[in-house]
Amino acid sequence: MRPATVDRLRRLDAELTRMRGDRERPPDASIVIPVNAQSDLETVLTVLEDIARYRGERTFEIVLVVNNYPGEDPPVESRSYAAAGMRVVSVPNVWRAGEAVCLSARVPGIRAAEAERVILFDADCRISNPTPLLDWYVDRLGSGTHVAYTRVGHYDLRPLWSVRARVLAHHLSRTVKRVLLRFPTTRGSNYGVNRAAFLDAYEAGMLADDLNVGPALKAAGGRAVYGGSGELEVLTSGRKFQGGWRKLARYLRYRLLYNVRLLRGQSRRSAGKSYHQRPLR
Numbered sequence: 010m011r012p013a014t015v016d017r018l019r020r021l022d023a024e025l026t027r028m029r030g031d032r033e034r035p036p037d038a039s040i041v042i043p044v045n046a047q048s049d050l051e052t053v054l055t056v057l058e059d060i061a062r063y064r065g066e067r068t069f070e071i072v073l074v075v076n077n078y079p080g081e082d083p084p085v086e087s088r089s090y091a092a093a094g095m096r097v098v099s100v101p102n103v104w105r106a107g108e109a110v111c112l113s114a115r116v117p118g119i120r121a122a123e124a125e126r127v128i129l130f131d132a133d134c135r136i137s138n139p140t141p142l143l144d145w146y147v148d149r150l151g152s153g154t155h156v157a158y159t160r161v162g163h164y165d166l167r168p169l170w171s172v173r174a175r176v177l178a179h180h181l182s183r184t185v186k187r188v189l190l191r192f193p194t195t196r197g198s199n200y201g202v203n204r205a206a207f208l209d210a211y212e213a214g215m216l217a218d219d220l221n222v223g224p225a226l227k228a229a230g231g232r233a234v235y236g237g238s239g240e241l242e243v244l245t246s247g248r249k250f251q252g253g254w255r256k257l258a259r260y261l262r263y264r265l266l267y268n269v270r271l272l273r274g275q276s277r278r279s280a281g282k283s284y285h286q287r288p289l290r
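Following our numbering, the numbering of the sequence shown begins with 10 at its first residue and continues without gaps.
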């Protein structure tokens with residue numbers, strides 16, 4: 010491990026220990042982040058540093074789900090994270106047929122979480138205002154809400170018109186679903202759940218992707234809340250948006266059909282026929 014990484018972990022240890030508070034008591038919330046061992050072992054440190062800038066009064070534990078590595082020998086970074094005040098769950102392969110791997114990777118962390126309020130981020134997120142964001146999640150999930158989510162933006166976007174059109178279409182579709190259709194538009198990079206409600210829905214086969222977590226929990230009688238304030242925005246990486254108008258057209262067609270399947274509330278046994286029949290990385 011590079012000396013710079015060791016220094017970052019040392020600083021994180023002090024800050025995350027402060028955020029965790031009294032270990033004799035459960036934290037106010039658990040923050041669960043999947044870490045793909047092939048690409049995110051270093052990337053995740055940046056969002057952890059964002060989280061460590063929290064300066065409120067609530068307490069939090071960090072749960073990392075390190076996954077996608079060969080055999081039963083987790084990468085050495087797993088031990089380093091655990092020594093730096095984080096709870097680490099190591100799973101060589103989280104993929105399950107009928108599920109998007111991004112959802113599958115969250116489930117072991119949610120099961121391991123100490124708190125009933127669980128906040129979910131991705132390893133490549135950026136959080137500009139951690140204090141109001143994390144306090145908002147604790148307040149909403151502590152008031153009977155089963156699923157909560159806030160604005161999601163992008164960084165690292167290519168300066169191409171086709172990429173800009175894709176992002177615009179993404180935001181417009183989320184607005185239509187949330188405002189007109191009243192569907193909670195959860196996405197993996199930023200949402201929170203009641204732990205028991207999530208696991209009940211998961212065990213009942215209602216969840217196949219982050220996209221349908223909000224609609225499924227709402228359909229089960231839960232309350233969904235959206236935070237539209239700019240200070241609650243979380244940024245997710247747009248580095249995979251390659252650009253190109255033909256790619257955009259194919260993406261929009263695929264996404265429309267995929268949304269229709271999942272937002273009808275189908276279970277993971279019948280949701281994605283092609284999308285979920287192979288491991289996703």
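The C-beta atom is built at its ideal place from N, Cα and C for all residues, glycine as well.
Rounded straight-line distance, which links the Cα of L166 to that of E86: 29 Å
Residues in its own chain within less than 7 Å of R27 by CB, not counting five upstream and five downstream? none
I'd like to confirm something about D165: is its beta-carbon nearer than 7 Å to some heavy atom of the ligand SAM, or not? No copy of the ligand SAM occurs in the structure displayed, which carries no ligand at all.
In the structure shown, what three-state DSSP assignment does R27 receive? helix
If distances are taken between C-alpha atoms only, which option among V15, G162, A124 comes closest to N146? The identity of residue 146 in the sequence shown is Tyr, whereas the question assumes Asn. Comparing Cα positions, the closest option is A124.
Are the Cβ atoms of V116 and A38 separated by less than 8 Å? no
Can you give me the C-alpha to C-alpha distance between I40 and L189, rounded to a whole angstrom? 30 Å
Give the list of continuous beta strand (DSSP E) stretches no shorter than 3 residues that lie fully inside the stretch 127 to 169. Whole beta strand (DSSP E) segments, 3+ residues: 156 to 159, 161 to 164.
Return the Cβ separation of V74 and V110 in integer angstroms, given the expectation that the two are a contact with Cβ distance under 8 Å. So it is not a contact: roughly 11 Å between Cβ atoms.
By the DSSP assignment, the alpha helix (DSSP H) with L54 in it spans what residues? 53 to 60
Using DSSP with H/G/I as helix, E/B as strand and the rest coil, what is G223? helix
Give the DSSP-derived three-state secondary structure of A38 in the structure shown. strand
State the Cα-Cα distance for the pair S89 and A122, rounded to the nearest angstrom. Answer to the nearest angstrom: the Cα atoms are 19 Å apart.
In chain order, what residues of the same chain have a beta carbon less than 8 Å from the beta carbon of T140, not counting five sequence neighbours either side? R62, Y63, R64, G65
Beta-bridge partners of S99, as assigned by DSSP: V75
DSSP state of T245, grouped into three classes? strand
Hey, how far is the Cα of T55 from the Cα of D133? 8 Å
S113: buried (16+ other C-beta within 10 angstroms of its C-beta) or exposed? buried
What residue from D22, S152, E33 has the CA that sits closest to A91's CA? D22
So, H163 versus A206, is the Cβ gap smaller than 8 Å? no
Beta strand (DSSP E) containing Y63: first to last residue? From DSSP, Y63 is part of no beta strand (DSSP E); its letter is neither H nor E.
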